[in-house]
Amino acid sequence: MVAYNFQAQFAPDVESGRKRQTIRRDGKRRHARPGEAVQLYTGMRTKGCRQLGTGICTTSTYCAIREDGITLGNHPKVNIAEFARADGFRDFDHMKQWFRETHGLPFTGRLIAWEPQSS
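Adding 546 to a residue's 1-based position in the sequence shown gives its number in our numbering.
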């Protein structure tokens, strides 16, 4: 089982099930694979740690965010407005700004999506 931590600004959307995806850098720890359980938290490694939910991974694919758009796996066309909203942003401009300030652009990593599990 893989655990993902979310910043406070994203926690309400993750908890409600409106946000069912996350974009993460590839690193030392592996990401969830389709069919695996995921645990969703906010405030990990703090006294305020709280589980937001659990889910089953449905997608784990390459993701690149650039000033001019998004690439997902082998999909040449991505509706950037819908994608940004699904990831918890008002629009693609706000998403770009957040990624530019947090990670720098261009950004490459993985899109992890899940279906929520009932408690």
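C-beta atoms are modelled at their ideal positions from N, C-alpha and C, and glycine is treated no differently.
{"query": "Residues near Glu-561 by beta carbon distance below 7 Å, same chain, minus five either side", "result": "Leu-598, Gly-599"}
{"query": "Three-state secondary structure (DSSP) of Ala-659", "result": "strand"}
{"query": "Proximity of Ala-659 and Thr-605 at Cβ, strictly below 8 Å", "result": "yes"}
{"query": "Environment of Met-641 [buried if 16+ CB atoms lie within 10 Å]", "result": "buried"}
{"query": "Where the alpha helix (DSSP H) containing Ala-606 begins and where it ends", "result": "Here residue 606 is Ser; the residue named in the question, Ala, does not match the sequence. Segment 596 to 612 is the beta strand (DSSP E) holding Ser-606; no alpha helix (DSSP H) there."}
{"query": "Three-way DSSP call (helix, strand, coil) for Phe-653 in this model", "result": "strand"}
{"query": "Spatial neighbours of Phe-629 in its chain, beta-carbon cut-off 7 Å, leaving aside the 5 residues before and after", "result": "Ile-616"}
{"query": "Where Thr-648 falls, given that 16 or more other Cβ within 10 Å makes a residue buried", "result": "exposed"}
{"query": "Span separating the alpha-carbon of Asn-620 from that of Ser-664", "result": "31 Å"}
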